[in-house]
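In this text, residue positions in the sequence shown follow our numbering: the first is 361, and each later residue adds one.
Note that the Cβ used here is the ideal one computed from N, Cα and C, for glycine as well.
Model, not experiment: these values are computed from the prediction.
Below is one structure, written out as structure tokens; comments come after it.
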Amino acid sequence: MDLGIRGRKAIVCAGSKGLGKGCAMALAREGVEVTIIARGLEALEKTAAEIRAATGSTVNVVSADITKPEGRAAALAACPAPDILINNAGGPPPGDFRNWDRDIWMAAIDANMLTPIELIKATVDGMMSRKFGRIVNITSSAVKAPIDILGLSNGARSGLTGFVAGIARKTVEHNVTINNILPGLFGTDTMFSRVEAMAKANNMSFDDAKATRLKTIPAGRFGNPDEFGALCAFVCSAHASYLTGQNYLIDGGAYPGTF
Ligand code: NAP
Numbered sequence: 361m362d363l364g365i366r367g368r369k370a371i372v373c374a375g376s377k378g379l380g381k382g383c384a385m386a387l388a389r390e391g392v393e394v395t396i397i398a399r400g401l402e403a404l405e406k407t408a409a410e411i412r413a414a415t416g417s418t419v420n421v422v423s424a425d426i427t428k429p430e431g432r433a434a435a436l437a438a439c440p441a442p443d444i445l446i447n448n449a450g451g452p453p454p455g456d457f458r459n460w461d462r463d464i465w466m467a468a469i470d471a472n473m474l475t476p477i478e479l480i481k482a483t484v485d486g487m488m489s490r491k492f493g494r495i496v497n498i499t500s501s502a503v504k505a506p507i508d509i510l511g512l513s514n515g516a517r518s519g520l521t522g523f524v525a526g527i528a529r530k531t532v533e534h535n536v537t538i539n540n541i542l543p544g545l546f547g548t549d550t551m552f553s554r555v556e557a558m559a560k561a562n563n564m565s566f567d568d569a570k571a572t573r574l575k576t577i578p579a580g581r582f583g584n585p586d587e588f589g590a591l592c593a594f595v596c597s598a599h600a601s602y603l604t605g606q607n608y609l610i611d612g613g614a615y616p617g618t619f
């Protein structure tokens with residue numbers, strides 16, 4: 361299926377690894393010019409080379425912290441009129457809410473709520489005037505089924521989800537959609553570092569901790585960032601102009617509810 365986005369331009373935040381990289385690769389496969397942002401230049405360059413070799417698409421890199429105003433300015437300077445915006449950043453740490461002070465909360469809210477809102481604010485009017493725009497926020501299955509030790513994530517991402525639910529109805533008549541994709545457990549560095557922390561906290565081996573996590577997934581495996589990217593690319597496609605304000609869970613069947 362041709363997704364109808366060849367020649368479009370995308371900003372992919374936190375795109376050097378994991379889910380962001382999966383999205384950048386899938387968009388580049390469709391002929392989209394991608395600008396990937398992350399802090400570490402080495403991983404960015406490596407990923408950019410990999411995507412160029414696999415797809416032949418143009419890949420620009422911006423080494424910046426997307427949660428800082430100057431990082432967002434650098435991303436927008438490299439791609440001033442994006443057709444597609446993938447909002448993503450590292451997730452907040454797990455913990456006990458009793459230990460979180462205002463600074464810890466503000467860091468989580470900055471990274472996982474206000475940064476995507478700032479980038480939407482900076483790009484959405486241009487998208488509406490050009491009559492095409494696709495904004496995807498990478499959030500978490502924790503928005504739908506909260507995880508107790510991820511209270512910072514549950515809170516900050518739910519705030520973003522509420523904001524998006526309102527604005528996504530205002531942009532769609534201009535062919536600009538805003539949606540969230542909610543990953544369950546995907547085999548990425550972040551997820552494996554959480555498994556390692558779980559193993560240490562429970563005095564288990566890494567393999568036992570991994571097996572415990574896998575038991576919670578009906579698919580019997582962790583997700584692959586490429587399949588996350590494929591869903592993202594479809595949500596960004598020309599065919600998806602009637603989808604907006606939605607939350608797409610991709611979790612191998614882990615969420616047990618009917619809806
Ligand atoms: P990952 O594989 O560890 O990759 C994280 C990416 O984000 C890297 O490219 C990293 O590069 C970049 N990054 C982190 N902080 C950044 C910042 N401040 N500015 C710019 N780039 C930044 O992580 P992932 O698993 O793909 O996770 C992506 C998001 O999905 C996170 O918010 C995570 O909490 C959420 N999530 C993941 C899962 C899962 O199972 N994987 C499940 C639910 C939610 P640098 O470090 O070089 O900046």
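Taken from the Cβ of K377, at least one heavy atom of the ligand NAP lies inside 7 Å.
In the three-state scheme derived from DSSP, where H, G and I count as helix and E and B as strand, C373 is classed as strand. Taking 3 residues as the shortest admissible run, the stretch 529-583 contains the following complete beta strand (DSSP E) segments, listed from N- to C-terminal end: 536-543. T537 is positioned such that its CB atom lies no closer than 8 Å to that of A438.
Spanning the alpha carbons of A435 and T483 requires a straight line of approximately 11 Å. The count of Cβ pairs closer than 8 Å, one atom from the stretch 568-577 and one from the stretch 504-513, stays below three, leaving the stretches out of contact.
CA-CA distance, K481 to G431, rounds to 15 Å. In the same chain as L387, and ignoring 5 residues on each side of it, the C-beta atoms closer than 6 Å to its own belong to A370, V394, A593, in chain order. The three-state secondary structure of V496, taken from DSSP, is strand. Counting only residues of its own chain and dropping the five nearest sequence neighbours on each side, V372 has a CB closer than 6 Å to the CB of G380, C383, A384, V394, I396, I446.
Residues of the same chain with a CB within less than 8 Å of the CB of V503, apart from the 5 flanking positions on each side, are N514, R517, S518, T521, N540, L542, N607 in chain order. Following the DSSP letters along the chain, one finds V419 inside the beta strand (DSSP E) bounded by residues 419-423.
Assignment of T475 by DSSP, reduced to helix, strand and coil, places it in the helix class. Each residue's CA atom was taken as its position, placing I444 and M564 some 43 Å apart.
In this structure, S417 sits near V392, with a CB-CB distance shorter than 8 Å. Within the same chain, and ignoring the five residues on either side of L591 in sequence, the residues whose Cβ sits closer than 8 Å to its Cβ are I541, Y608, I610. Looking from the CA of G378, the closest CA among W465, T576, N448 belongs to N448. Rounded to the nearest whole angstrom, the CA to CA distance from F492 to F523 is 21 Å. Under the three-state reduction of DSSP, V484 is assigned to helix.
Under a 10 Å Cβ-count criterion, R581 is classified as exposed, with fewer than 16 other Cβ atoms of the shown protein chains found around its own Cβ. Here S500 is buried. Its C-beta has 16 or more other C-beta atoms within 10 Å.
Pairing A374 with A398 gives a Cβ-Cβ distance under 8 Å. Spanning the alpha carbons of L603 and R366 requires a straight line of approximately 20 Å. The alpha-carbon separation between G583 and L545 amounts to approximately 6 Å.
Of the heavy atoms belonging to the ligand NAP, at least one sits nearer than 7 Å to the Cβ of P543.
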